[in-house]
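*Asks:* Mind the numbering: the sequence shown is residues 0 to 200 in numbering that gives the first Met the number 0, read in order. Even glycine gets a Cβ: it sits at the ideal position worked out from N, Cα and C. The structure presented is a predicted model; accordingly, all values stated were derived computationally and were not measured.
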Amino acid sequence: MKARRAAFLDRDGVINYDRGYVHRPEQFEFVPGVFEAVRDLQRLEFMPVVVTNQSGIGREIYSASDFNSLTSWMMQRFASEGAPIGAVYYCPHHPSEALNSYRVACDCRKPAPGMLFAAARDLNLDLALSAMFGDRISDIEAAHAAGIEHCFLLGTSGALTADAVPVASDISRTTYPDLRAAISSAQFQLFAQMSVMKESI
0 MKARRAAFLD RDGVINYDRG YVHRPEQFEF VPGVFEAVRD LQRLEFMPVV
50 VTNQSGIGRE IYSASDFNSL TSWMMQRFAS EGAPIGAVYY CPHHPSEALN
100 SYRVACDCRK PAPGMLFAAA RDLNLDLALS AMFGDRISDI EAAHAAGIEH
150 CFLLGTSGAL TADAVPVASD ISRTTYPDLR AAISSAQFQL FAQMSVMKES
200 I
């Protein structure tokens, strides 16, 4: 079967505003334009895949059940907007702040690439033709460790500036205000066209 392209999305700071350990629907505030952005990704034949660090589980601020319930609610909202999410991957660990078995230096917590590799295996994804959208340097580092060169920084959470990003020829030094702006950019549109051409070779 032919491998597919993915658009990897961080959750907090990309899909919703990062208010800190969001785990209930009433805390979850969608970033304006995110449904339209995901519809645009699907129109361009990118599968939207969420990859999110959730150390709040390991810190016992909320449970895996709380996270799963919120994820189901979130995915239903996207589906009702005609913008279904392909899959959600999460890491509950933290190397120093989590409790019990969750306190581990794992290979899935970004900046490690474990969630991206798992998605590629499960969903038959071509990582070289995929893109990452995140609001933290750890998102970019995880993408590069997985062989994803095309990364788009969002300033939704105010967690970074473009100047904070390590200099590399294949990283945009532009910080986009939100997901829809990044997808509408000339940089992403050109990448989308080029990846279609590479896919057809």
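Give the straight-line distance between the Cα atoms of Ala82 and Asn15, rounded to the nearest whole angstrom.
*Replies:* Between Ala82 and Asn15, the C-alpha separation is close to 15 angstroms.
*Asks:* DSSP on Thr70, reduced to helix/strand/coil?
*Replies:* Thr70: helix per DSSP, three-state reduction.
*Asks:* With which residues is Asp11 paired in a DSSP beta bridge?
*Replies:* Partner(s): Asn15.
*Asks:* Are the stretch 60–69 and the stretch 94–101 touching, with three or more C-beta to C-beta distances below 8 angstroms?
*Replies:* At 8 angstroms Cβ cutoff, the stretches do not touch.
*Asks:* Please identify the residue among Trp72, Cys90, Ala6 whose C-alpha is closest to the C-alpha of Ile147.
*Replies:* Of Trp72, Cys90, Ala6, the residue nearest in Cα terms is Ala6.
*Asks:* State whether the stretch 20–31 contacts the stretch 104–115, with contact taken as three or more CB pairs (one from each stretch) at a distance under 8 angstroms.
*Replies:* No: fewer than three Cβ pairs fall under 8 angstroms.
*Asks:* Roughly how far, in whole angstroms, is the beta-carbon of Asp134 from the beta-carbon of Val13, given that I think they are within contact range, below 8 angstroms?
*Replies:* Confirmed, about 6 angstroms.
*Asks:* Excluding sequence positions up to five away, which residues of its chain have a Cβ less than 6 angstroms from the Cβ of Val48?
*Replies:* Excluding residues within five positions, the ones whose Cβ falls inside 6 angstroms are Ala5, Phe7, Gly85, Ala86, Ala118.
*Asks:* Excluding the 5 residues preceding and the 5 following Ala191 in the sequence, name in chain order all residues of the same chain whose CB lies nearer than 8 angstroms to its CB.
*Replies:* Excluding sequence neighbours, Ala191 sits near Leu43, Phe45.
*Asks:* On a CA-only basis, which of Leu128, Leu98, Asp17 is nearest Ser194? Give me that one, please.
*Replies:* When each option's Cα is compared against that of Ser194, the closest is Leu128.
*Asks:* Assign Met0 to one of three DSSP states: helix, strand, or coil.
*Replies:* Correct three-state label for Met0: coil.
*Asks:* Could you pull out every residue in the same chain whose Cβ sits closer than 8 angstroms to the Cβ of Pro176, ignoring the five residues on either side in sequence?
*Replies:* So the qualifying residues of the chain are Leu153, Gly154, Thr155.
*Asks:* Please list, in chain order, all residues of the same chain as Arg10 whose beta carbon is under 6 angstroms from its beta carbon, the five residues on each side excluded.
*Replies:* So the list reads Val49, Thr51, once near-sequence residues are dropped.
*Asks:* Name the DSSP beta bridge partners of Leu124, please?
*Replies:* The partner list for Leu124 (beta bridge, DSSP) reads Arg3.
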